[in-house]
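Engineer: The listed protein sequences derive, respectively, from chains A, B and C. When you read off a place in the first sequence, starting at 1, and then add 344, the result is the number in this note's numbering. When you read off a place in the second sequence, starting at 1, and then add 6, the result is the number in this note's numbering. When you read off a place in the third sequence, starting at 1, and then add 245, the result is the number in this note's numbering. Note that CB positions come from ideal geometry on N, CA and C, so glycine has one too.
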Amino acid sequence: MDRAAIIGVGMTKIEKSKVRETFADMAWEAVNKALADAGMSIDDIDNVVTTSSDFWDGRTISCMAVGDASGAADKNTSCVEGDGTYGAFYGYTRALSGSYKTTLVTGHSKGSQCISSLITNASFDPICERGLGMDMITACAMQANAYMNRTGLRPEDMAMVSVKNHGNALKNPMAQLPMNITVSDVIKSEMIADPLHKLDCSPVSDGCCAVIIAHESVATKFKQKPVWIRGLSLCTDSFFFGDRDLARSNALVEAAKNAYKMAGIKDPKKEIDIVELYDAFTYQELLWLEEMGLADYGKAAKLLEAGEFNINGPLPVNPSGGLLSGHPVIAAGLYRIAEVVMQLRGDAGEHQVKKAKTGIAHGVNGLCGQSHCVWILDKER
Amino acid sequence: MADQFQGIEPMVYQSKINVPYSWWAGDTATRFFVALRDEKKIIATKCGACGKVFMPPRKTCPLCFTANTEWVDVSDEGTVLTFSVARRQLAAIPQDRKVPVIWGLIKLDGADTAILHYLDEVKPEDVIIGMRVKAVFSETRKGTIRDISHFKPVK
Amino acid sequence: MAKRVAIVGTGQTFHKSHRPDVNGQELINEAVQRALADANLTMKDINAILIGNMDHFEGINYVDCWSVDGSGGVMKPVIKITTGGTTGASLAVGGYHMVGSGMFEKVLIIGWEKNSESDTTGAITTAFDPIWDRQVFAGAISGLAAEAQAYMARYGASDRDAARVSVRDRKHAMNNPHAQLRKEISLEDVLASPMLADPIHLLDVCPRTDGACAVIMASEDTAEKICPNPDWIWGTGARHSYAYLGDCDWGRLTSMERVAKEIFKKAGIKEPRKELDVIEMYQPYSFAGLIWIEDMGIVGHGEGPQYVADGNTDMGGELPINPSGGVIACNPIGATGLIRCAEAAMQVMGKADARQVPDVNYAVSTGFGGCMWTDMLLHGKKKPN
């Protein structure tokens, strides 16, 4: 298999409500930032993959809203629906397929324009489940309860994730919710669905992110230092919660295992230097870390408490502030990729971690992490 | 923001996607709902290859990838695998349900996979994983998942 | 190194206006089982799944996640592509890239739709810009009527010329047991059918359909072991260049012209009319059967009506188009583009039964959708260089 690298990234600031910008305006900003970052012009891009969702956008054929602004006019283009990491995954296969050399991938979302409870309720089976009125928050509360019951995790343990990530966001100018908070602030915040308090949940957000993926033959042709895609895998679990073990994530175990294998990583605990993962809820950061093999099952909270995942710790997790500090749904995973790329290049500014060579970016599709996409990025080829 | 837009207050256009849906339940789910509606019975499909009993009933076994041809009765009693309590009246919650609303993932005796449903006649504080519950059927049944009103604790 | 890619199996449901006996997952499963049987593979052999439909036709969010019981996606990589009417063709193009990348040996591609479950026109209307086009524009038919009117004004064609295309496709559908509308119609039937939007009559347009299609692609490493005569993909392309209806050059399908030129050039096809043996075109209404073959470069602008009237595109003609009966006989939208791809593959593989065109070396399949967008694949019997 040939190799590919990420040679440019661009993101808008994540905000609660971008009332002044349409989808196309956001895409325009992110795409032009990515092109500038790469030292490319739109003519250097030979194909475009947009990532969007007809449900979240309230529009059938939602890619129509951003195609022109993403430079897709008269270029080969397609649209993936789901998290941005999945769009980027398809973009990666296009760059390796022999058809193209430089793929521009965008992901956008405006949570401010819709009611997320209704949108995520539409992810449940229409015949057997939907009428019961669950949504992403109540579903994830169910997963949190199962996980806590299995591992003995306490609400205070989950709250530490919120404290760390909102704290990290103080140094990230793109983050929506930089906050200096304590565990007690999290516990005292509104209980939305037991055991998830308001500060255990990611916010509603608007934002767009763009990345440029290049085939190895052109990866060093442009201005920017390439960050190499060393491992990449995705896996989808059963749909019905009752078919899965909700306290675990078999799909993530499998996706991570395959990504490590592709990257030639034997001991992820030693070889991974930084992680940007999909912390839509506090407990998820801990569960995902464990299922990626970066902590033993049920033990991530202890490591978190010891400061291991702090920005200056041995394995910084979500130094950007993560989804808890800004969650533009479809774009969220693409932001993770862009953040890891900047960290590995040493371009992350105030929230730069020390010495990072290899990093993980992670995205999720579906309810309670039904599907996971794991990227292993490396500074060196 | 560019100078040209200074002093412009952006407009917001209110809209709604309004598309009616009629989802065909299909033969498999229909058989389940008919039994529920007419006989207050809960039935499930069974995989001939691996022997797994599926709730909700599945026409094919997702793992063996073969047709499930056998039907079995499952109990109206089961075990709570996990649960969720809504404290905020989230938009998806039906009008007739007021918070706190409790949902359980319930594995009925005789089934290998669990279904989602309401837990009621119990305080949120008293719900625990592993508790035993029993189905309470609705008075009027129309052939939907809400023909089961909720599950209540087994005394 | 990039891998060469071939189609090694296809499967379709028997497409109908309503399939109340199955839900979406179960419908998908029928097509998947048939594709696996056709390739003599099992689900264990499949390395990744690519699925697509249009969300607002079924109202199910994250269909890729919801459908795994039917698609076979449990504990496999699954991604979703959706680009409107082009979805099915975009899926086929996506499968080509996923296998071509060398990352996956065998990819299962699924397109499906249960159009009976919603108000198709209501859902399509939401495709257009909510602030601009959506308020003054309803469904797919008005855009197509605008195209037909512009074409007639530019080149002097008539609704009788277009009706000939409907007559052809409906006749061809008689040979295809999977098609939904299997009843021959005459020119007079078309012209006497109710006027939907001038100049388009009811029998000029596609129906609404429930159906699914599955295609299995494999890399050159195993394609010939799975299937003695695989259908090799020679090239793919897509142009989704417009976002507003006012942007289009009405009367010509620019997206088709550009994508066809790109693919034919890459494959070294200089005279498509002579070198192609069959076309499966996503042609949602009859006028497209005149206009778009001009843009594809089969005949010159304005020459479509005569070419079709002379029988060149009928079975047994110079270049048969839509031996399956095409979209006018059957349109489960998210599957439709992939059905074109599957039908073209069957022609190349020699598996098209009663609708087989003899000695197919090259076939073209297309997808149409969005705002006058085109996706296209070139299929061939010979392994590409």
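Start and end of the beta strand (DSSP E) containing P422 (chain C)?
Structural biologist: Note, P422 (chain C): premise wrong, no beta strand (DSSP E); not H, not E.
Engineer: Distance, Cα to Cα, I481 (chain A) vs G496 (chain A)?
Structural biologist: I481 (chain A) and G496 (chain A): Cα-Cα distance of roughly 21 Å.
Engineer: If we ignore side chains and look at the alpha-carbon of each, how far apart do Y124 (chain B) and Q457 (chain A) end up?
Structural biologist: The alpha-carbon atoms of Y124 (chain B) and Q457 (chain A) are separated by roughly 30 Å.
Engineer: Report yes if the C-beta distance between A371 (chain A) and S414 (chain A) is below 7 Å; otherwise report no.
Structural biologist: It is a contact, given that the beta carbons lie within the stated cut-off.
Engineer: At a CB distance below 9 Å, what residues from the stretch 272-295 of chain C approach chain B? Give them in sequence order.
Structural biologist: From the stretch 272-295 of chain C, only L272, N274, V277, Q278, L281, T287, M288, K289 have a Cβ closer than 9 Å to chain B.
Engineer: Can you give me the start and stop residues for the alpha helix (DSSP H) that S460 (chain A) sits inside?
Structural biologist: First-last of the alpha helix (DSSP H) with S460 (chain A): 460-465.
Engineer: Taking 8 Å as the threshold, find out whether the stretch 325-340 of chain C comes into contact with the stretch 438-450 of chain C through three or more Cβ pairs.
Structural biologist: Touching, no, given that fewer than three Cβ pairs across the two stretches are closer than 8 Å.
Engineer: Quick one: which chain B residues come within Cβ less than 9 Å of A368 (chain C)?
Structural biologist: Correct list: I23, V25.
Engineer: Is any beta-carbon of chain B found at less than 7 Å from that of S363 (chain C)?
Structural biologist: Closer than 7 Å: yes.
Engineer: Strictly below 9 Å CB to CB, what residues from chain A border T467 (chain C)?
Structural biologist: What T467 (chain C) touches in chain A: nothing, since even the nearest Cβ is about 16 Å away.
Engineer: So D118 (chain B) contacts chain C; which residues on that side make the cut at Cβ distance below 8 Å?
Structural biologist: Those within 8 Å of D118 (chain B) in chain C number zero; the least Cβ separation is about 14 Å.
Engineer: Are the CB atoms of P660 (chain A) and V684 (chain A) nearer to each other than 7 Å?
Structural biologist: Taking 7 Å as the Cβ cut-off, P660 (chain A) and V684 (chain A) do not qualify as a contacting pair.
Engineer: Have a look at C:I376, C:V352, C:C493 and flag the residue whose alpha-carbon is nearest the alpha-carbon of A463 (chain C).
Structural biologist: Of the candidates C:I376, C:V352, C:C493, the one whose C-alpha sits nearest the C-alpha of A463 (chain C) is C:V352.
Engineer: Could you list which residues in chain B have their beta carbon closer than 9 Å to that of P375 (chain C), in chain order?
Structural biologist: What P375 (chain C) touches in chain B: Y19, S21.
Engineer: Contact between the stretch 579-593 of chain A and the stretch 497-511 of chain A: three or more CB pairs below 8 Å?
Structural biologist: They do not touch, by the three-pair rule.
Engineer: In this structure, how does DSSP classify I632 (chain C) when only helix, strand and coil are distinguished?
Structural biologist: The question about residue 632 (chain C) has no answer, for chain C in this structure spans 246 to 630.
Engineer: What runs of the beta strand (DSSP E), each 3 residues or longer, lie entirely inside the stretch 398-475 of chain C?
Structural biologist: With a minimum length of 3 residues, the continuous beta strand (DSSP E) runs that stay inside the stretch 398-475 of chain C are 440-442, 455-464.
Engineer: Any beta carbon of chain A sitting closer than 7 Å to that of W477 (chain C)?
Structural biologist: So no, W477 (chain C) is outside the interface.
Engineer: Is it true that the stretch 358-375 of chain C meets the stretch 337-348 of chain C, where meeting means three or more beta-carbon pairs spaced less than 8 Å apart?
Structural biologist: Touching, no.
Engineer: Spatial neighbours of G451 (chain A) within its chain, please: C-beta separation below 6 Å, excluding the five flanking residues on both sides.
Structural biologist: If we look at G451 (chain A) and ignore the five residues flanking it on each side, its Cβ neighbours are T395, G428, G431, C553, I674, A675, L678.
Engineer: Is the distance from the Cβ of A348 (chain A) to the Cβ of I573 (chain A) below 7 Å?
Structural biologist: Yes.
Engineer: Just to confirm the assignment: which complete alpha helix (DSSP H) runs, minimum length 4, are found wholly within the stretch 455-522 of chain A?
Structural biologist: Those alpha helix (DSSP H) runs which fall completely within the stretch 455-522 of chain A and span 4+ residues are 460-465, 480-495, 499-513.
Engineer: Below 7 Å on C-beta distance, what does V319 (chain C) contact in chain B?
Structural biologist: Per Cβ cutoff of 7 Å: P68, L69.
Engineer: If Y530 (chain C) sits next to L389 (chain C), beta carbons under 8 Å apart, how far is it from one beta carbon to the other, in whole angstroms?
Structural biologist: 5 Å between Cβ atoms; contact.
Engineer: Name the DSSP beta bridge partners of D722 (chain A), please?
Structural biologist: D722 (chain A) is bridged to A:W572, A:T702.
Engineer: What is the DSSP secondary structure of H624 (chain C), counted as helix, strand or coil?
Structural biologist: In the structure shown, H624 (chain C) sits in a strand (DSSP, three-state: E or B).
Engineer: Going by the CB atoms, is the gap between C310 (chain C) and Q714 (chain A) shorter than 7 Å?
Structural biologist: Yes, the pair counts as a contact, with Cβ atoms nearer than the cut-off.
Engineer: Between the alpha carbons of A280 (chain C) and G254 (chain C), how many angstroms are there, rounded?
Structural biologist: Near 5 Å, if we compare the C-alpha coordinates of G254 (chain C) and A280 (chain C).
Engineer: CB-CB under 8 Å to P106 (chain B), same chain, minus the five flanking residues each way: which ones, in chain order?
Structural biologist: Excluding sequence neighbours, P106 (chain B) sits near V91, A92, R93, P130.
Engineer: For the beta strand (DSSP E) holding K140 (chain B), just list the boundary residues, first then last.
Structural biologist: Residues 138-143.
Engineer: V313 (chain C) versus chain B: which residues are under 8 Å apart at the beta carbon?
Structural biologist: Ordered by position in chain B, the residues that pass the 8 Å Cβ test against V313 (chain C) are P68.
Engineer: Give me the chain C residues within the contact set of G32 (chain B), using Cβ-Cβ distance strictly less than 7 Å, ordered along the chain.
Structural biologist: Near G32 (chain B) (Cβ distances below 7 Å), the residues of chain C are D266, V267, N268, E271.
Engineer: Looking at Q520 (chain A): is its Cβ nearer than 7 Å to the Cβ of G670 (chain A)?
Structural biologist: Yes, they are a contact pair.
Engineer: Quick check: what's the CA-CA separation for G545 (chain C) versus E539 (chain C)?
Structural biologist: The straight-line gap from Cα to Cα measures roughly 5 Å.
Engineer: Whose CA, out of B:W30, B:P26, B:D132, lies closest to the CA of K161 (chain B)?
Structural biologist: Closest option to K161 (chain B), Cα to Cα, is B:D132.
Engineer: Are A282 (chain C) and W357 (chain C) closer than 7 Å when you measure CB to CB?
Structural biologist: No.
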